[in-house]
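What follows is one structure encoded as structure tokens, with my remarks underneath.
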DNA sequence: CCCTTCATGATACCGTCGTACCACATTGGT
DNA sequence: ACCAATGTGGTACGACGGTATCATGAAGGG
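Residue numbers (our numbering), protein chains in the order written: chain R, 1 to 211; chain L, 1001 to 1211.
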């Protein structure tokens, strides 16, 4: 038999091409020929590894969320070993804002998929990240731990605040994406709420902050 | 000359057809033939009143925002003459949540247009509502008035809180749209923050609230 | 050594979509 | 009464997109 190529790696490579071209032209405007050209392969190859466009799109979503998860993990790791709850929460929120090309593309495409899923049941059935509310649970858990450690307002409802923070980050991310707001303004708003929730004793060095 | 028909009315009627079919199939999947069929007219007619699909889409966005503005105005009027600042703010926020078919369609299509505008400069140049930050200014103004009247926490930064409230409403609206959260849960979170901001003296009847 | 099987390339097909063109009806003005 | 401008319908055209088909190259096993 011939070259015996790693299919999974090839698929990943094509998926990255999909993400790049979709980030440029918009997910709706991407065709198999565009993906093939971007990946430097022939149209037939794209068909070979993903039989149908639908499967390519699904795989693209999966790849997108995987890459984003990895990126957030790296950001957390870069915040040092065992950072405080506030630093962790802040890192999570800031990582989800579209501040550079990669996160801009992620935000754009994730939003595109989400909007698509409203009218496309096949896409809605797809595992959209593990995120029915994984991020929400993680964030709520962090806030509760902070409360337990006396670092956050014990009166606050952790789950409600978690939902609020994530919602604000998401919506302001979109504002940034469409050029309605600057990343700095969004970060300032998030800091405001972190200051409100975290009754920080020694963790009040914010302003010339991390990222 | 022949029938002398009201072009503007005809355009509005076709635009509503566009909105209906786009709400069903998604904005990306709508074609001129679909719009014509939905409006009960011939394809040629759609071409006659909007020469190009792009113009149809632009007009559709305009019509969508007009209808939404009117709807919000009606909601405010329904809240009685000169309601308190909190009731006004609450009405504005709740009106923007996708709780019924009309608001669901609005939220879906507005989000679709917004995402589209990221990669389509012609659409980005369009007056996307009057909303670079009209809603934000209005909301901030309301909060400031409430502070002046001693109804809201005077320590709070009105603009920051306005941005926060609108952002949460927007993001949770999307969560509702994709079926990730119930309208009730979203409303509860919003109420939580209204309770935090408004130091309501007699306005503490919330829970079996307005809408 | 060759044959089977995996991998890849070129290209054809069929549907759809936006747009353009042609034809006709209707009606108000002269 | 006829003409011309407005409104409306039917249909064709060119392009593009996803998918399918045919063909070929490469390599490991009998």
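Here a beta-carbon is modelled for each residue, glycine too, at the ideal position from N, C-alpha and C.
- Around residue 1025 of chain L, the beta-carbon contacts reaching into chain R at under 8 angstroms are 119.
- The segment 32-45 of chain R makes no contact with the segment 79-95 of chain R: fewer than 3 CB pairs, one atom from each, lie closer than 8 angstroms.
- Taking the beta carbon of residue 1187 of chain L as reference, no residue of chain R falls within 9 angstroms; the closest one sits roughly 12 angstroms away.
- When beta bridges are read from the DSSP output, residue 1198 of chain L appears opposite L:1152.
- For residue 93 of chain R, same chain residues with a beta-carbon under 7 angstroms away, outside a window of 5 residues either side, are 165, 169 and 190 in chain order.
- Spanning the alpha carbons of residue 1162 of chain L and residue 1114 of chain L requires a straight line of approximately 21 angstroms.
- When the five nearest sequence neighbours on each side are left out, the beta carbons in the same chain lying within less than 7 angstroms of the beta carbon of residue 1060 of chain L are those of 1015, 1018 and 1019, in order along the chain.
- Contact check for residue 88 of chain R and residue 142 of chain R: beta-carbon distance about 6 angstroms, within the 8 angstroms limit, so the pair qualifies.
- Close CB contacts of residue 1013 of chain L within its chain, under the 7 angstroms cut and outside five residues either way in sequence, are with 1039 (chain order).
- Taken in chain order, the members of the segment 1101-1116 of chain L whose beta-carbon sits within less than 8 angstroms of a beta-carbon on chain R are 1108, 1111, 1112, 1114, 1115 and 1116.
- By the beta-carbon neighbour count (other beta carbons within 10 angstroms, threshold 16), residue 7 of chain R is exposed.
- A straight line joining the alpha-carbon of residue 69 of chain R with that of residue 134 of chain R spans about 12 angstroms.
- Taking every protein chain shown into account, the CB of residue 127 of chain R has fewer than 16 other CB atoms within 10 angstroms, so this residue is exposed.
- Only buried fits residue 1090 of chain L, as 16 or more other CB atoms lie within 10 angstroms of its CB.
- Taking the Cα positions, residue 1109 of chain L is about 7 angstroms away from residue 1027 of chain L.
- A distance of 7 angstroms or more separates the beta carbons of residue 85 of chain R and residue 33 of chain R.
- If you ignore the 5 residues before and after residue 1036 of chain L, its C-beta comes within less than 7 angstroms of the C-beta of 1042, 1043, 1045 and 1046, all in its own chain and listed in chain order.
- With contacts defined by Cβ atoms closer than 7 angstroms, residue 56 of chain R and residue 107 of chain R do not form a contacting pair.
- Excluding five sequence positions before and after residue 1156 of chain L, the CB atoms of its chain that fall closer than 8 angstroms to its own CB belong to 1143, 1147 and 1197, given in chain order.
- For residue 178 of chain R, the closest Cβ of chain L is nearer than 7 angstroms.
- Membership of residue 105 of chain R in the alpha helix (DSSP H) is indicated by the continuous run 101-119.
- Remark: C-beta atoms of residue 11 of chain R and residue 49 of chain R approach each other more closely than 7 angstroms.
- Put simply, the backbone Cα of residue 187 of chain R is about 15 angstroms away from that of residue 103 of chain R.
- Residue 1096 of chain L and residue 1173 of chain L do touch by the CB rule: their CB atoms are close to 6 angstroms apart, below 8 angstroms.
- Close CB contacts of residue 158 of chain R within its chain, under the 6 angstroms cut and outside five residues either way in sequence, are with 140, 143 and 144 (chain order).
- In the three-state reduction of the DSSP assignment, residue 90 of chain R falls in the helix class, which pools H, G and I.
- Boundaries of the alpha helix (DSSP H) around residue 62 of chain R: 53-78.
- Chain-ordered, the chain L residues with CB closer than 7 angstroms to the CB of residue 163 of chain R read 1189.
- Residue state for residue 181 of chain R is assigned as coil, using DSSP reduced to three classes.
- Against residue 167 of chain R, the close residues of chain L are 1167, 1168, 1171 and 1172, in the order they occur along the chain (beta-carbon pairs closer than 7 angstroms).
- In terms of Cβ geometry, residue 119 of chain R and residue 183 of chain R do not form a close pair [threshold 7 angstroms].
- Within a 10 Å sphere around the beta-carbon of residue 1009 of chain L sit fewer than 16 other beta-carbons, which makes this residue exposed.
- Counting along the chain, the unbroken alpha helix (DSSP H) around residue 46 of chain R starts and ends at 43-49.
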